[in-house]
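All remarks here apply to the structure that follows.
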Amino acid sequence: MPRPAAAAAPFLRLVLLVMLVLVSRNAFAPALAHDPGMSAATLVPAAHGLEVELSVKAIDVETEGGIDLALSPDGMIDPAVLAARQADVAAYLLERTEVSHTGGACTPASIGLQAVEDGILAFIGYPCGLQDAGLRY
0 MPRPAAAAAP FLRLVLLVML VLVSRNAFAP ALAHDPGMSA ATLVPAAHGL EVELSVKAID
60 VETEGGIDLA LSPDGMIDPA VLAARQADVA AYLLERTEVS HTGGACTPAS IGLQAVEDGI
120 LAFIGYPCGL QDAGLRY
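For the record, in the sequence shown the residue sitting at position 99 is 98 according to numbering that gives the first Met the number 0, with numbers rising by one throughout.
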């Protein structure tokens, strides 16, 4: 009479083999990732107010803002196209940024745009007084 453990051994080997095949099939599956389209802002207090450097993905401006930037297939932006669409891009970005000082909104005095690979850098100057701690952004 065979021992119960010896009789179960072929079945256990089969179960382990099936599990190994299932695990290994998923272990080497290709993984796809995407650029999260991060935006970043650098705030620099200055004597006359605040300088803001805003970095955004061109594809986000094109998709969310509805502004045709004629991006290349890999998402790169042509500086000449950005220059031609500067007013639209500046308006889009300024609608989405806000700086206030002691409860009142600061009006941007200047905005400059620069195309950098697949992104847009915006340099925005806000002439707000910085004598007290009321600056909010």
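Beta carbons: idealized from backbone N, C-alpha and C, even for Gly.
Since the structure is predicted, the reported quantities are computational estimates derived from the model, not experimental observations.
ask   = For the ligand ADP, is there a heavy atom less than 7 Å away from the beta-carbon of Tyr125?
value = Of ligands this structure carries none, so the ligand ADP is not represented either.
Beta-carbon separation (whole angstroms), Ala108 vs Gly124, contact threshold 8 Å = The pair is a contact, with the Cβ atoms about 5 Å apart (cut-off 8 Å).
message = Just to confirm before moving on: does the CB-CB distance between Leu70 and Val88 stay below 8 Å?
response = Not in contact: Leu70 and Val88 (Cβ atoms no closer than 8 Å).
message = Please give the ranges of any alpha helix (DSSP H) in the stretch 26-100, keeping only runs that are unbroken, at least 4 residues long and fully inside the region.
response = You should have 57-64, 78-83, 85-94.
ask   = Count the other CB atoms within 10 Å of the CB of Arg84; is the residue buried (16 or more) or exposed (fewer)?
value = By the neighbour-count rule (16 or more Cβ atoms within 10 Å), Arg84 is buried.
request  = Starting from Gln118, trace the beta strand (DSSP E) both ways and give me its first and last residue.
outcome  = Checking the displayed sequence, the identity of residue 118 turns out to be Gly instead of Gln. Here the beta strand (DSSP E) through Gly118 covers 118-125.
request  = Would you check if the distance between the CB atom of Leu93 and the CB atom of Val80 is smaller than 8 Å?
outcome  = No, the pair does not count as a contact, with Cβ atoms beyond the cut-off.
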